[in-house]
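Quick note: the sequence shown, position 30, residue 636 per our numbering, numbers continuous. The structure appears below as structure tokens.
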Amino acid sequence: MRHAHFFRTFIHETGHGLGLKHPHDSGSGAFSPNFFPGIDPTDTSAERQRSLGVLELNHMFGSVMSYLHGYEFDDEGHVDVQPTRQRPVADDFFLEHGFAATPMAYDIAAIQYLYGANTTYASGDDVYVLPDSNDPAPFVRGEPNEAGVPESIVYQPDTAFWSCIWDTGGTDEMRYDGNRNAILDLTAATLDQSATGYGVLSYAAFIGGGYTIANGVVIENATGGGGNDLITGNAVANLLVGRGGNDTLVGGAGADRLSGGAGADVYRGTAADLDGDTILEFDKTDTVEVQGLVSAASLDGETLSFVVDGVTHRMTINGATAVPVSVTAKADGVSTIRFSSNAAAFGDVVRDLAGAGGQVYAAYDAVFGRDATGLELERGAAALGGGTSLAALATSLLASPEGQALYGSLDNAAFVNQLYQTGLGRAADPQGAAGWVAFLDAGGARGEVVAGFALSTENAAQLAPELAVGVFVPDAEAAAVARLYHGLLGRAPDAAGLASWTASLEGGATLTSVADAFLISGEYQARSPGLSNTAFVDALYNDALGRTPDTAGAVGWNLELAGGASRATVAIGIAESAEAAQHLAGAIEQSYTLAS
């Protein structure tokens, strides 16, 4: 029966007839000894037969000549290779899974080395569909004898089996039509000692069958199913389609067309790989993950621009009308660009150093050699807008724990040299350094030096790529209103309310008057009727800080209220605290969340 164990055995024995050996055997003639990489020639034959070799590549997934065919599934349905033998006398032979039903990548390469390649096979537009069922089982146990070994095996047709694709032309597609989570990977076998040596398995979760792709074969397109699929392209211009589910699409090199379909999809790649790609349909729940530190990003029409290491990259997002709401970097160096049409309600994009937002951005770069966070931009721009000088802001940055760690113990000469390295990324030139050191030795303030560096022509040129893309600066008044929504009403602001109350602040209203209005609103009264002072403080801590109050804090705020402080004043004191700002930054300065 084709695709059953007997058929796999037939292919295996035919391989011997064509000159292929077992990977665990030494070979003969000019090829002796020649074990598969990672197999120890000093091991016994039985030990070699169970050795998976380097990177577990000695397996049926790479060669039908291997004695190792075992694998299990982890909790998510991913394949976990096992060093099990193809011997009926071994109990582990009866694992329920499909077998290889074709020569695999190493077999195909070896046969082509010996006899040449068939360059006309599968030269049309072919579709390779992943199996979606393991039934019926490949085999069942017979009755065991006295030794406990089954004396008979009942073989059945196999609906799930593994194949290696040899395809010589056309526009081809790998496809899955089920609703499981699936992996579709168009990476061809590299035939080296790497994780892609025999290619990459494409299969649906918990299904014992699928595909690898032979060396030199190009499959152009891949289409997922209704689950949360991982779809990976190759170096050509791929069309990757996720359809249903929360899919992750990795186009790789080439000008790829990517369509996640329904769900919150992720478009992932290096900056160079994403450059030139097109996202065919856009949803604000989608994200772009860049393997690198993105220093700026913006959406102009349907063109997403982002900067990595000073280089601007661009991709097209069809149907996008939003701006990137945030760029966040994880510890592993991956940056996430999120989208929302809400961002315009929370701030503005700056593209030069003329205004407060751009100058704060430059000051953080000069002092710390990094981008300011959204909250830092918001607070800094508000300070400059309120009359604080850039030099005074720089002085506060130098006095911060981060600033003290960099500059606190340095004399004037060392301070200037460090500022050149951190702010401009180069060693100080003697003339420039001498001038700044002389200024400091004469009593000049270090904050003035930082301001000079931040707004220098050289620093402006270095920041030009990020500023050309645009730096989003949150508005302090909008953020303050949003924090009151969270602290008093326990929810994100709605668009109309945020716009109205922000306009009131910009028109001269005080934040206290806004808080008073919240406290007498029908929504607040319905949500928090008749609260005692203690309950009022507890609720503020829970909603604005995300925790129960500590004893000192609870006592302090209750004493304020008992002493005549208004609830609006206490609400502002808690909601505008540094702790609340940090706690709510994810909803305000990063994701700009509005109530639906």
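Beta carbons: idealized from backbone N, C-alpha and C, even for Gly.
Spatial distance of residue i from residue j (CA atoms)
i	j	result
residue 1103	residue 1158	34 Å
residue 1208	residue 829	Outside the displayed range of the chain (607 to 1202) lies residue 1208, so it cannot be described from this structure.
residue 897	residue 1075	19 Å
residue 792	residue 846	10 Å
residue 873	residue 836	10 Å
residue 802	residue 883	24 Å
residue 1121	residue 1179	11 Å
residue 648	residue 717	28 Å
residue 904	residue 1128	39 Å
residue 682	residue 1007	44 Å
residue 731	residue 724	17 Å
residue 1175	residue 1201	25 Å
residue 950	residue 943	16 Å
residue 863	residue 1108	41 Å
residue 798	residue 629	15 Å
residue 763	residue 893	Low local confidence applies: a pLDDT of 49 at residue 763 is under 50, so the model's placement there is unreliable, with the coordinate-based value given in what follows. Straight-line Cα distance between these residues: approximately 43 Å.
residue 1169	residue 972	45 Å
residue 843	residue 852	23 Å
residue 1069	residue 968	8 Å
residue 1124	residue 1080	22 Å
residue 910	residue 922	6 Å
residue 1093	residue 1141	13 Å
residue 653	residue 690	11 Å
residue 1026	residue 876	30 Å
residue 807	residue 886	26 Å
residue 1095	residue 960	37 Å
residue 1040	residue 976	26 Å
residue 1105	residue 993	25 Å
residue 1191	residue 766	49 Å
residue 646	residue 663	14 Å
Residues bridged to residue i [DSSP beta-bridge criterion]
i	result
residue 827	779, 845
residue 790	837
residue 912	903, 919
residue 953	1080
residue 934	942
residue 686	678
residue 885	864, 923
residue 895	874, 942
residue 855	837, 873
residue 735	781
residue 706	768
residue 810	788
Proximity below 8 Å, CB of residue i to CB of residue j
i	j	result
residue 962	residue 978	no
residue 768	residue 707	yes
residue 677	residue 688	yes
residue 1018	residue 983	no
residue 667	residue 809	no
residue 888	residue 834	no
residue 1198	residue 948	yes
residue 965	residue 981	no
residue 1000	residue 1057	yes
Residue closest to residue i, alpha-carbon to alpha-carbon, out of the options
i	options	result
residue 618	640, 659, 705, 643	705
residue 620	667, 714, 664	714
residue 1051	995, 774, 630	995
residue 1032	1154, 1059, 981	1059
residue 796	1135, 823, 1153	823
residue 659	818, 900, 641	641
residue 818	1147, 633, 712	712
Span of the alpha helix (DSSP H), counted from its first residue to its last, around residue i
i	result
residue 1016	Premise fails: residue 1016 is in no alpha helix (DSSP H) and is neither H nor E.
residue 1133	1128 to 1133
residue 1183	Element bounds for residue 1183: n/a, residue is neither H nor E.
residue 948	Run containing residue 948: none; DSSP gives neither H nor E here.
residue 971	962 to 974
residue 1139	1139 to 1146
residue 655	651 to 655
residue 718	711 to 721
residue 774	That residue, residue 774, is in no alpha helix (DSSP H); it is neither H nor E in DSSP.
residue 1072	1063 to 1075
Boundaries of the beta strand (DSSP E) in which residue i is found, first to last residue
i	result
residue 1032	No beta strand (DSSP E) holds residue 1032; DSSP gives it neither H nor E.
residue 769	768 to 771
residue 819	816 to 819
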